[in-house]
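Just so you know, we're using the working numbering here: the sequence shown kicks off at 1 and counts up by one.
One structure below.
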Amino acid sequence: MRCVPCWGFPTTCTLCAASPWAGPRCRLDRCAVDRCQKSPIGITGRTTMSEQSFGPFTMTVDNGIGWVMIDHPPKQLVDGALIGGLIGLLNAVEADEQVQVLVFESADPDFFLMHGDVEQILAMEAPAEVPAEPNVAAATFDRCRTIGVATIGMIDGIARGGGSEFLLSLDMRFAGPRTVLGQPEVAMGIIPGATGTQRLARLVGRSRALEIVLSGNDVTAEEAAAIGYVNRVLPSDELRAHTTQVARRIAASPRLSIAKAKQAVDAALGPVEPGILTETQAMMACSATGQHVPLMQRFLDAGGQTREVERDASTMAAVVDQMLELD
1 MRCVPCWGFP
11 TTCTLCAASP
21 WAGPRCRLDR
31 CAVDRCQKSP
41 IGITGRTTMS
51 EQSFGPFTMT
61 VDNGIGWVMI
71 DHPPKQLVDG
81 ALIGGLIGLL
91 NAVEADEQVQ
101 VLVFESADPD
111 FFLMHGDVEQ
121 ILAMEAPAEV
131 PAEPNVAAAT
141 FDRCRTIGVA
151 TIGMIDGIAR
161 GGGSEFLLSL
171 DMRFAGPRTV
181 LGQPEVAMGI
191 IPGATGTQRL
201 ARLVGRSRAL
211 EIVLSGNDVT
221 AEEAAAIGYV
231 NRVLPSDELR
241 AHTTQVARRI
251 AASPRLSIAK
261 AKQAVDAALG
271 PVEPGILTET
281 QAMMACSATG
291 QHVPLMQRFL
301 DAGGQTREVE
311 RDASTMAAVV
321 DQMLELD
């Protein structure tokens, strides 16, 4: 069966083998949940005691809080398997009235989520026409905004590109001092394509959003807290306690009240959907030119998308400079 994968245009089901960065939603949810027989990640979830696993995501529910561990070795990349697992998780939470809050954390000590898989993006087919709907990754991340439970990111590591965009899609972000965020896509010949331009502008304002997106520079935990990229930064040994306190307070409230409060706050900011579609179309316009191919290849050749390079901010900056031929 053919469907439109998350980041690429029609090949095969994204959960079987596809790039996850572009293309409208098509029938992915139904295909992934009901029809895809090749998926190795158990998209409908498997339950063992109090745990449910959805590929890279494992959720343990405790007193209304779904504690979600993200474990996607070896690099914590945002790829088709991760997007598919998130779809399964969100489907399960929407059907489970016992969950009031989702708290996402990473099993990786260095990376919350590294970024989108550059190799998958390079393999993406050029669009045949202008997309009429947001890509699946963007639509899936946006469900973290519209789902009727509170969503919280607890981060004390690195999240760039698609990893940063996933965090931005959550209702709140609490950060430890080792947190590093960034959006390096423009330097690679594309733009953030999973709602990042829309979320960031709403959180930090137009000028700061453009500085982050256009420069591709990393943002430290303290800088992120100062401008609203994260809610606040806490010492590593206080991060979990603070996140737990907030999550427990929210989980004690009726689920309907949580959902309606989210809707009301979003209404104050105006509709985001047109901007998300514009973002998808802009990313596809960039990728259709092929300008990203030599840039991304230079990035990989210089050691990008390796743990050794990307966990060191100065080394990562040097790789980006080399990619742009600034050195």
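Ideal Cβ placement from N, Cα and C applies to all residues, glycine included.
With three or more beta-carbon pairs closer than 8 Å as the criterion, would you say the segment 97-110 touches the segment 267-284? Put simply, the segment 97-110 does not touch the segment 267-284. Fewer than three CB pairs are less than 8 Å apart.
What first and last residue would you give for the alpha helix (DSSP H) that runs through Val136? Locating residue 136 in the sequence shown gives position 136, counting from the first residue. Start and end: Val136 to Thr146.
Is there contact here, the segment 291-306 with the segment 316-326, by at least three beta-carbon pairs under 8 Å? Contact between the segment 291-306 and the segment 316-326 is present, because at least three Cβ pairs lie under 8 Å.
Let me know if Ser314 comes out buried or exposed under the rule of 16 or more other beta-carbons within 10 Å of its beta-carbon. The residue labelled residue 314 in the question sits at position 314 within the sequence shown. Exposed is the call here.
Does DSSP put Ser106 in a helix, a strand or coil? Here residue 106 refers to the residue found at position 106 of the sequence shown. Note: Ser106 maps to strand in three-state DSSP.
Do you know how far the Cα of Gly157 is from the Cα of Gly176? Counting from 1 along the sequence shown, the entry for residue 176 is found at position 176. Counting from 1 along the sequence shown, the entry for residue 157 is found at position 157. Between Gly176 and Gly157, the C-alpha separation is close to 8 Å.
Under 8 Å: do the segment 146-161 and the segment 114-125 share three or more Cβ pairs, one atom per stretch? Output reads yes: the segment 114-125 touches the segment 146-161.
Other residues of its chain near Gln98: CB distance less than 8 Å, five sequence neighbours each side excluded: Counting from one through the sequence shown, the residue named residue 98 turns up at place 98. Once the five neighbours on either side are set aside, the close Cβ partners of Gln98 are Val61 and Gly64.
Other residues of its chain near Ala194: CB distance less than 6 Å, five sequence neighbours each side excluded: For the purposes of this step, residue 194 is taken as residue 194 along the sequence shown, with counting starting at 1. The beta carbon of Ala194 is closer than 6 Å to those of Ala137, Ala138, Phe141, Gly162 and Glu165 in its chain, skipping five residues each way along the sequence.
Report back the beta-carbon spacing between Phe57 and Ile70 to the nearest angstrom; my notes put them in contact at under 8 Å. For this step, residue 57 is matched to residue 57 along the sequence shown. For this step, residue 70 is matched to residue 70 along the sequence shown. Sure, about 6 Å apart at Cβ, within 8 Å.
How would you call Leu28, buried or exposed, if buried means at least 16 neighbouring beta carbons within 10 angstroms? Locating residue 28 in the sequence shown gives position 28, where the first residue counts as 1. Any reading at Leu28 must be qualified, since the residue scores a pLDDT of 43, below 50, and its modelled position is unreliable; the value itself is stated next. A residue is called buried once 16 or more other Cβ atoms fall within 10 Å of its Cβ, and Leu28 is buried on that count.
Unbroken stretches of the beta strand (DSSP E), 3 residues or longer, contained in the segment 48-100: DSSP runs (the beta strand (DSSP E)) wholly in the segment 48-100: 51-54, 57-62 and 65-70.
Look up Ile155 in the DSSP assignment and give the residues it is bridged to. Translated into the one-based positions of the sequence shown, residue 155 becomes position 155. Partner(s): Ala175.
For Ile190 and Arg298, I'd like the C-alpha separation in whole angstroms. Here residue 190 corresponds to residue number 190 of the sequence shown, with the count starting at 1. Here residue 298 corresponds to residue number 298 of the sequence shown, with the count starting at 1. About 14 Å.
Under the three-state reduction of DSSP, which class applies to Leu239: helix, strand or coil? Mapped onto the sequence shown, residue 239 falls at position 239. Leu239 falls in the helix class under three-state DSSP.
Local conformation of Ala150 per DSSP, three classes: Here residue 150 refers to the residue found at position 150 of the sequence shown. When DSSP states are grouped into helix, strand and coil, Ala150 belongs to the strand group.
Counted within 10 angstroms of its Cβ, other Cβ atoms place Glu222 as buried (16 or more) or exposed: As a first step, residue 222 is located in the sequence shown; it is residue number 222 there, counting from the start. Its Cβ having fewer than 16 others within 10 Å, Glu222 is exposed.
Would you report the Cα separation of Asp237 and Asp96, rounded to the nearest angstrom? Locating residue 237 in the sequence shown gives position 237, counting from the first residue. Locating residue 96 in the sequence shown gives position 96, counting from the first residue. Spanning the alpha carbons of Asp237 and Asp96 requires a straight line of approximately 32 Å.
Under 8 Å: do the segment 277-294 and the segment 75-87 share three or more Cβ pairs, one atom per stretch? The way I'd put it, the segment 277-294 doesn't touch the segment 75-87; fewer than three beta-carbon pairs between them come closer than 8 Å.
Return helix, strand or coil for Gly290, following the three-state DSSP convention. Translated into the one-based positions of the sequence shown, residue 290 becomes position 290. Coil.
Alpha-carbon spacing of Ile155 relative to Met172, whole angstroms: Taking the first residue of the sequence shown as 1, we reach residue 155 at position 155. Taking the first residue of the sequence shown as 1, we reach residue 172 at position 172. About 11 Å.
How would you write the range of the alpha helix (DSSP H) that Val309 sits in, first residue to last? Counting from one through the sequence shown, the residue named residue 309 turns up at place 309. Val309 -> alpha helix (DSSP H) spans Arg307 to Glu310.
Inter-residue Cα distance where the pair is Asp110 and Glu310: What you label residue 110 is simply residue 110 of the sequence shown in a count that begins at 1. What you label residue 310 is simply residue 310 of the sequence shown in a count that begins at 1. Computed Cα separation, rounded: 9 Å.
When the Cα of Val78 is compared with those of Pro134, Pro192, Met59 and Gly148, which residue comes out closest? Numbered from 1 along the sequence shown, position 78 holds the residue referred to as residue 78. Of the candidates Pro134, Pro192, Met59 and Gly148, the one whose C-alpha sits nearest the C-alpha of Val78 is Pro192.
Apply the 10 Å Cβ neighbour rule to Glu308 and answer buried if 16 or more other Cβ atoms are within range, or exposed otherwise. Along the sequence shown, one-based indexing puts residue 308 at 308. Exposed is the label assigned to Glu308, since fewer than 16 other Cβ atoms lie within 10 Å of its Cβ.
Under DSSP, the beta strand (DSSP E) around Val180 begins and ends at which residues? Sequence index remark: in the sequence shown, residue 180 carries index 180 (1-based). Per DSSP, Val180 belongs to the beta strand (DSSP E) from Val180 to Gly182.
DSSP beta-bridge partners of Arg160: Counting from 1 along the sequence shown, the entry for residue 160 is found at position 160. Answer is Gly182, bridged to Arg160.
Which of helix, strand or coil DSSP assigns to Thr315: Translated into the one-based positions of the sequence shown, residue 315 becomes position 315. DSSP places Thr315 within a helical segment (H, G or I) once states are collapsed to three.
Cross-strand partners of Arg232 (DSSP beta bridge): Here residue 232 refers to the residue found at position 232 of the sequence shown. Beta bridge pairing from DSSP links Arg232 with Phe174.
Distance, Val180 Cα to Asp312 Cα: Indexing the sequence shown from 1 puts residue 312 at position 312. Indexing the sequence shown from 1 puts residue 180 at position 180. Just so you know, the alpha carbons of Asp312 and Val180 end up roughly 10 Å apart.
Would you kindly report the start and end of the unbroken alpha helix (DSSP H) that includes Leu413? Coverage of the chain is limited to positions 1 through 327, which leaves residue 413 absent and any answer about it impossible.
According to DSSP, is Gln219 helix, strand or coil? As a working note, residue 219 is residue 219 in the sequence shown. It is worth fixing the name first, because residue 219 is Val in this sequence and not Gln. Correct three-state label for Val219: strand.
For Glu125, tell me which candidate among Pro254, His292 and Gln245 has the shortest Cα-Cα distance. Translated into positions along the sequence shown, residue 125 becomes position 125. Among Pro254, His292 and Gln245, the Cα nearest to that of Glu125 belongs to His292.
What do you get for Leu256, buried or exposed, if any count of 16 or more other CB atoms within 10 angstroms of its CB means buried? The count along the sequence shown starts at 1 and reaches residue 256 at position 256. By the neighbour-count rule (16 or more Cβ atoms within 10 Å), Leu256 is not buried but exposed.
How should Thr151 be labelled, buried or exposed, when 16 other C-beta atoms within 10 angstroms of its C-beta is the threshold for buried? On the sequence shown, residue 151 is found 151 positions in, with the first residue counted as 1. Classification of Thr151: buried, given that the 10 Å Cβ count is 16 or more.
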